[in-house]
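Written below as structure tokens is the structure these notes are about.
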Amino acid sequence: MAVYDRIKGVSRRDFFRVAGTYGLSSTMLAAGAFGGAMTAGNLASAAESTYTRRFSKEAKHTLKFGASGFNPQNLLIERAGALEFARDLEARTDGEIRVEFIGNNQLCGQLSCVEKTQQGITDIYAASTQNSAGGAPYLNVLDYAYMFPGRASQYHFLYSPESQRILRDPYEKRHGLKFLFSHCELRGIQLGLSWQDKPTVTKLEQLFGTKNRVTGTQLGRIAMEALNLNPVPVAWEETLDGLKQGLIDGAETWASAVAYANMSPVVSQSVDLKFFCGTEHTAMSASVFDSLGGDLQDAVLESAYWAQTHVQAANEAALVKTVGFSDPQLPNTIFAENNVRNAFLAEDQIKMAEEMCSPEFQPQLWEQWRDRLNKWAGGIDTYQEIYNIAREVDKDMLPENVEPRRWWKG
Numbered sequence: 000m001a002v003y004d005r006i007k008g009v010s011r012r013d014f015f016r017v018a019g020t021y022g023l024s025s026t027m028l029a030a031g032a033f034g035g036a037m038t039a040g041n042l043a044s045a046a047e048s049t050y051t052r053r054f055s056k057e058a059k060h061t062l063k064f065g066a067s068g069f070n071p072q073n074l075l076i077e078r079a080g081a082l083e084f085a086r087d088l089e090a091r092t093d094g095e096i097r098v099e100f101i102g103n104n105q106l107c108g109q110l111s112c113v114e115k116t117q118q119g120i121t122d123i124y125a126a127s128t129q130n131s132a133g134g135a136p137y138l139n140v141l142d143y144a145y146m147f148p149g150r151a152s153q154y155h156f157l158y159s160p161e162s163q164r165i166l167r168d169p170y171e172k173r174h175g176l177k178f179l180f181s182h183c184e185l186r187g188i189q190l191g192l193s194w195q196d197k198p199t200v201t202k203l204e205q206l207f208g209t210k211n212r213v214t215g216t217q218l219g220r221i222a223m224e225a226l227n228l229n230p231v232p233v234a235w236e237e238t239l240d241g242l243k244q245g246l247i248d249g250a251e252t253w254a255s256a257v258a259y260a261n262m263s264p265v266v267s268q269s270v271d272l273k274f275f276c277g278t279e280h281t282a283m284s285a286s287v288f289d290s291l292g293g294d295l296q297d298a299v300l301e302s303a304y305w306a307q308t309h310v311q312a313a314n315e316a317a318l319v320k321t322v323g324f325s326d327p328q329l330p331n332t333i334f335a336e337n338n339v340r341n342a343f344l345a346e347d348q349i350k351m352a353e354e355m356c357s358p359e360f361q362p363q364l365w366e367q368w369r370d371r372l373n374k375w376a377g378g379i380d381t382y383q384e385i386y387n388i389a390r391e392v393d394k395d396m397l398p399e400n401v402e403p404r405r406w407w408k409g
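First residue of the sequence shown: 0, per numbering that gives the first Met the number 0; consecutive thereafter.
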């Protein structure tokens with residue numbers, strides 16, 4: 000039995016029946032914390048206990064948290080930390096802050112969550128920085144090709160006090176949003192069923208000329224065009240059918256997104272191109288944060304730090320034990336059960352891709368966006384500064400070994 004099977008004992012109908020009694024947030028929090036096989040009955044008991052604890056006192060602040068995609072089925076696949084943050088913040092503030100968590104695209108989706116928070120419809124949101132870049136273009140700063148050599152360098156940057164100056168402060172100043180924490184993976188090309196009977200990709204040139212869905216990132220398109228990957232915008236609801244029917248060759252995203260978004264049945268190969276960030280982040284309205292008292296602001300930051308450390312460990316474990324993104328691939332993982340082959344490219348192939356598309360080797364491709372982002376950041380060289388910080392740790396360092404730091408304390 001796969002790890003994620005423990006939540007399959009509850010039907011969608013039963014889940015929402017429990018949520019109708021105890022509220023969606025209490026039910027989601029209960030489901031996310033479950034330790035054993037779940038049934039409708041023990042989910043109801045856990046939701047009741049969670050509800051009783053959460054409403055034992057009146058909250059001073061109720062924050063609405065809109066999350067794209069997250070539901071009980073995928074909370075244990077891509078470990079992005081949203082529920083853990085909400086749960087910890089409520090406990091840390093002894094109920095003075097209550098978080099109403101609304102996931103599963105019910106309040107907002109990947110492309111709209113950032114805008115809903117900017118508009119004040121939600122107070123906190125979770126979505127990928129790449130899809131959120133449409134509404135908050137400064138998030139493109141994370142998407143220079145091959146700026147991060149591995150997941151360890153991504154976590155190292157997010158923990159770095161320098162991330163406050165380079166990422167967080169400009170993001171807050173320009174878009175009115177406070178970047179809290181993020182999961183970290185690097186994007187590759189997820190090939191559809193038309194590649195099922197083809198050999199596992201080992202050479203970059205095998206991907207040349209393929210047609211691939213692109214997400215909302217503007218910088219990601221630059222890299223894909225330079226790599227001859229023909230980026231095409233395809234609506235999410237059409238992507239799965241496109242991968243199944245061969246209308247597109249693949250889609251650029253990361254491994255755990257394939258697993259949690261139910262793409263695995265229509266993906267045959269997960270090519271680990273590592274060419275730019277896949278970061279499912281959580282952020283909140285800066286004006287809402289500013290409206291909290293000093294102690295509660297400290298609690299938000301501490302809960303964000305705790306969630307970041309949780310994500311760092313939990314997602315690394317889930318990639319291997321739940322998703323199946325490893326070599327050798329573990330049995331009973333989502334990839335193994337759906338016959339998704341991992342294509343981990345050799346270093347010379349990654350180097351070839353880097354030389355074809357990165358700002359270090361192809362600076363002219365990036366000039367317009369680099370100048371724009373540098374201006375928004377107050378004149379610093381955003382690419383070079385993040386590039387340097389990303390190389391303060393060894394490129395082969397295990398991501399779970401990165402030292403956590405409270406980035407806001409300098």
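Note that CB positions come from ideal geometry on N, CA and C, so glycine has one too.
(1) Among P169, V287 and E384, which has the Cα closest to the Cα of Q118?
(2) Let's see if you can read the secondary structure: which residues bound the alpha helix (DSSP H) around H309?
(3) Smallest Cα separation from F324: which of Q348, W253 and W305?
(4) For my contact list, N211 and L192 are in at a C-beta cut-off of 8 Å; report their separation, rounded to the angstrom.
(5) Per the contact definition of three or more C-beta pairs closer than 8 Å, is the segment 305 to 322 in contact with the segment 228 to 244?
(6) Can you give the beta carbon distance from T121 to C107, rounded, assuming they're within the 8 Å contact cut?
(7) Going by C-alpha distance, which of K408, G187 and K394 is nearest Y154?
(8) How would you call G245, buried or exposed, if buried means at least 16 neighbouring beta carbons within 10 angstroms?
(9) Hey, Y158 and R390: beta-carbon distance below 9 Å or not?
(10) For H182, does the three-state DSSP call read helix, strand or coil?
(11) Skipping 5 residues on each side, what residues in its chain have a beta carbon closer than 6 Å to that of T128?
(12) For the alpha helix (DSSP H) holding S263, just list the boundary residues, first then last.
(13) Return the residue from the list R97, K374 and G215 that minimises the CA-CA distance to V299.
(14) Helix, strand or coil: how does DSSP classify G175 here?
(15) Within the chosen definition, does the segment 325 to 342 reach the segment 265 to 277 through at least 3 CB pairs nearer than 8 Å?
(16) Roughly how far, in whole angstroms, is the beta-carbon of L176 from the beta-carbon of A135, given that I think they are within contact range, below 8 Å?
(17) When the Cα atoms are used, what is the spatial distance from P148 to F274?
(18) Look at the alpha carbon of A58 and the alpha carbon of I385, and state the distance between them as a whole number of angstroms.
(19) To which residues does DSSP link H280 through a beta bridge?
(20) Where does V257 sit, in a helix, a strand or coil, going by DSSP?
(21) Below 7 Å CB to CB, which residues in the same chain sit around T209 once its five sequence neighbours on both sides are set aside?
Short version:
(1) V287
(2) G293 to A317
(3) W253
(4) The Cβ separation is near 14 Å, so there is no contact.
(5) no
(6) 7 Å
(7) The shortest Cα separation from Y154 among K408, G187 and K394 belongs to K394.
(8) exposed
(9) no
(10) coil
(11) L138, L141, T278 and H280
(12) First-last for S263: undefined, no H or E at that position.
(13) Of the candidates R97, K374 and G215, the one whose C-alpha sits nearest the C-alpha of V299 is R97.
(14) Annotated three-state conformation of G175 is coil, per DSSP.
(15) yes
(16) The Cβ separation is near 6 Å, so the contact holds.
(17) 9 Å
(18) 40 Å
(19) A126 and S181
(20) helix
(21) L228, N229, D248 and G249
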